[in-house]
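What follows is a short report on a single structure.
In structure tokens, the structure reads:
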């Protein structure tokens, strides 16, 4: 879901976005949440331009993530500064995330690096986290807390590594609809009721 806030207080919501960028000739996906418009550029434009640059070629996930950070850093930082100055009461306009996932060929496993930019009165901050297994991110993750507590095994790598793609998709779909139901019951609007799933093999 894309939320645009104008200086006059008007809020415009879009619920028709495809938030996954899948590279054509390399098993890598990038998805975004949080702030996703950077001046005249969308998050998708940044990802497409990075893919077209071929800067990622012959790099592993860690190297690609660091290079991608450098590629988008000025656009993301400038937008967060603008948001803080123009919408200083809107905390949801102070963070932007790009998640990159591909196969670690050296360890023969898939991994995800989450890149996070945030801003406060002290300036723009950056951090990155490496994830594996069942990864929850974004504002909507709170709606799965009770479900995760009742399904302790879902956080185990062994639980996922024993599945085929169809089985994993079924569980992800079920988890998403549980989160949607909890969100709607609480009157939230942090994310769309629709979803997309992409698979990468390499």
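In the numbering used here, the protein residues as written are 4 to 205. Even glycine gets a Cβ: it sits at the ideal position worked out from N, Cα and C.
Just to check my reading of the structure: residue i and residue j have Cβ atoms closer than 8 Å, yes? What is that Cβ distance to the nearest angstrom?
i: residue 158; j: residue 136; result: 6 Å
i: residue 143; j: residue 194; result: 4 Å
i: residue 59; j: residue 83; result: Not quite, the Cβ-Cβ distance comes to about 24 Å (not below 8 Å), so this is no contact.
i: residue 200; j: residue 175; result: 6 Å
i: residue 207; j: residue 103; result: With the chain covering only 4 through 205, there is no way to say anything about residue 207.
i: residue 131; j: residue 68; result: 7 Å
Can you tell me whether residue i is buried or exposed, with buried defined as 16 or more other CB within 10 angstroms of its CB?
i: residue 117; result: buried
i: residue 115; result: buried
i: residue 186; result: buried
i: residue 202; result: exposed
i: residue 3; result: Residue 3 is absent from the structure shown; the chain starts at 4 and stops at 205.
i: residue 167; result: exposed
i: residue 78; result: buried
i: residue 111; result: exposed
i: residue 188; result: exposed
i: residue 49; result: buried
i: residue 39; result: buried
i: residue 122; result: buried
i: residue 138; result: exposed
With DSSP as the reference, label residue i as helix, strand or coil.
i: residue 124; result: coil
i: residue 22; result: coil
i: residue 118; result: strand
i: residue 110; result: coil
i: residue 4; result: No answer about residue 4 holds up, because its pLDDT of 46 lies below 50 and its placement is not dependable.
i: residue 206; result: Examination of residue 206 is not possible in this model, given that the chain is present from 4 through 205 alone.
i: residue 140; result: coil
i: residue 173; result: helix
i: residue 155; result: helix
i: residue 203; result: coil
i: residue 195; result: coil
i: residue 161; result: helix
Would a C-beta distance cut-off of 9 Å place residue i and residue j closer than the cut-off?
i: residue 54; j: residue 27; result: yes
i: residue 24; j: residue 100; result: no
i: residue 45; j: residue 74; result: no
i: residue 181; j: residue 150; result: yes
i: residue 92; j: residue 64; result: no
i: residue 237; j: residue 86; result: There is simply no residue 237 to check, as the chain begins at 4 and stops at 205 in what is shown.
i: residue 183; j: residue 173; result: no
i: residue 70; j: residue 62; result: yes
i: residue 80; j: residue 146; result: no
Counting only C-beta atoms, is residue i closer than 9 Å to chain B at any point?
i: residue 13; result: Given the protein chain composition of this structure (a single chain), no chain B is represented.
- Message: Ignoring anything shorter than 3 residues, give me the beta strand (DSSP E) runs that lie fully in the stretch 26-96, in order along the chain.
- Response: 31-37
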